[in-house]
Amino acid sequence: MTPVDVAVYVMIGLIGSFCSGLLGVGGAIVTYPLLYFVPPFVGTYAMTPNEISAVTMFQVFAATGVGMMMYRKSPWLNRAVVLSIGGGMTVGSLVGSLLSGYMPGIAIHMLYGCMALLAVVLMLKKRPGGVHESATPPAYIAFNRPLAILLAVVVGLLSGIVGAGGSFLLIPIMLGILRLPTRTAIASSLIVVFLSSIGGVIGKTAGGHVHVTLTALLMLASLLGSMLGARVGQRMNVQLLRLVLVAIILCSALNIWGELIWTWIHA
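Quick note: the sequence shown, position 259, residue 260 per my numbering, numbers continuous.
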């Protein structure tokens with residue numbers, strides 16, 4: 002690899018992992034489209050969708066691992082949420098990552114685009130009682146555990162296929178369906194996605210699509226980016242966090258579907 006290749010992939014890793022720590026997501030929602038569009042645009046080495054899904058899963062593992070350490074003492078962290086959703090996500094992610102090895106790249110690309118659009122819809126869904134949230138963590142959070150586990154398995158399965166931690170879909174579900182406080186969803190999701198990424202890493206390694214050099218570069222970049230993002234995220238306004246997350250997901254979805262439609266038109 003040339004120095005330009007290294008610089009491009011390190012920068013992509015930094016941007017994706019910063020968003021991971023900032024928003025409590027794995028970073029794949031940003032990293033996947035960057036890895037797909039940027040390298041070919043600047044003339045550096047371009048990976049296939051299968052390789053990208055494997056690399057992003059490892060990047061998610063590193064980014065959420067660091068981000069989790071930053072949030073581990075947060076008063077908004079909820080153990081019941083982590084255990085209920087984390088177990089289902091881990092199982093689903095392992096199965097999905099194994100299945101991805103038998104899927105064509107275009108199928109993975111389309112699935113990512115569908116998941117991103119669904120996440121935008123869920124994030125824009127109005128919550129009963131307005132958008133005001135308490136500035137202090139609640140003593141107890143009531144939520145539907147069986148539903149949470151079921152949704153976690155489904156999200157884990159889908160995210161395991163595309164190489165994402167799943168939090169770009171999981172957080173909207175936690176907010177729009179399970180009705181969890183925003184800061185609880187963000188703090189708890191980092192640990193949930195870290196657990197999920199363990200199953201995904203195992204499955205992607207078994208599938209044989211791991212690009213070792215690029216994976217190492219993105220994981221190293223994630224160590225710095227996620228720490229910076231987590232520090233900034235804990236000081237930002239909660240409604241601003243939601244708006245930033247919606248904007249990032251929507252831009253990613255539009256990029257993916259724009260590229261797919263362009264390909265179909267010129268096929």
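Ideal placement from N, C-alpha and C gives every residue a C-beta, glycine not left out. Being a predicted model, the structure only gives us computed values, none of them experimental.
What did DSSP end up calling residue i once you bin it into helix, strand or coil?
| i | result |
| --- | --- |
| L191 | helix |
| P40 | helix |
| T45 | coil |
| S85 | helix |
| H1 | The structure shown has nothing for residue 1, since the chain only spans 2 to 268. |
| W258 | helix |
| W77 | coil |
| I266 | helix |
| G102 | coil |
| R236 | coil |
| I13 | helix |
| M2 | coil |
| S253 | helix |
| I142 | coil |
| P50 | helix |
| G204 | helix |
Specify, as a first and last residue, the run of the alpha helix (DSSP H) that residue i falls within.
| i | result |
| --- | --- |
| V211 | Neither: V211 is in no alpha helix (DSSP H) and is coded neither H nor E. |
| F169 | S168 to G177 |
| R146 | R146 to V163 |
Between the alpha carbons of residue i and residue j, how many angstroms are there, rounded?
| i | j | result |
| --- | --- | --- |
| L35 | L99 | 24 Å |
| L218 | V96 | 26 Å |
| S278 | A207 | The question about residue 278 has no answer here: the residues shown for the chain are numbered 2 through 268. |
| F19 | L179 | 26 Å |
| P182 | R236 | 16 Å |
| F38 | A64 | 21 Å |
| S160 | V213 | 21 Å |
| K74 | G234 | 14 Å |
| I203 | V31 | 22 Å |
| G106 | M228 | 32 Å |
| Y113 | I172 | 16 Å |
| L28 | A120 | The amino acid occupying residue 28 in the given sequence is Gly; Leu does not appear at that position. Approximately 14 Å, taken between the alpha carbons. |
| H110 | G14 | 19 Å |
| L23 | G44 | 30 Å |
Would you check whether the ligand MN has a heavy atom nearer than 7 Å to the C-beta of residue i?
| i | result |
| --- | --- |
| R184 | No copy of the ligand MN occurs in the structure displayed, which carries no ligand at all. |
Practice prompt. Kindly confirm or deny that the stretch 151-159 and the stretch 86-96 touch, where touching means at least three C-beta pairs closer than 8 Å.
Written response: yes
Discussion item. So, does the stretch 162-178 touch the stretch 43-55, judging by three or more C-beta pairs under 8 Å?
Written reply: yes
Worksheet entry | Validate contact between the stretch 81-93 and the stretch 185-201 using beta carbons, cut 8 Å, 3 pairs | yes
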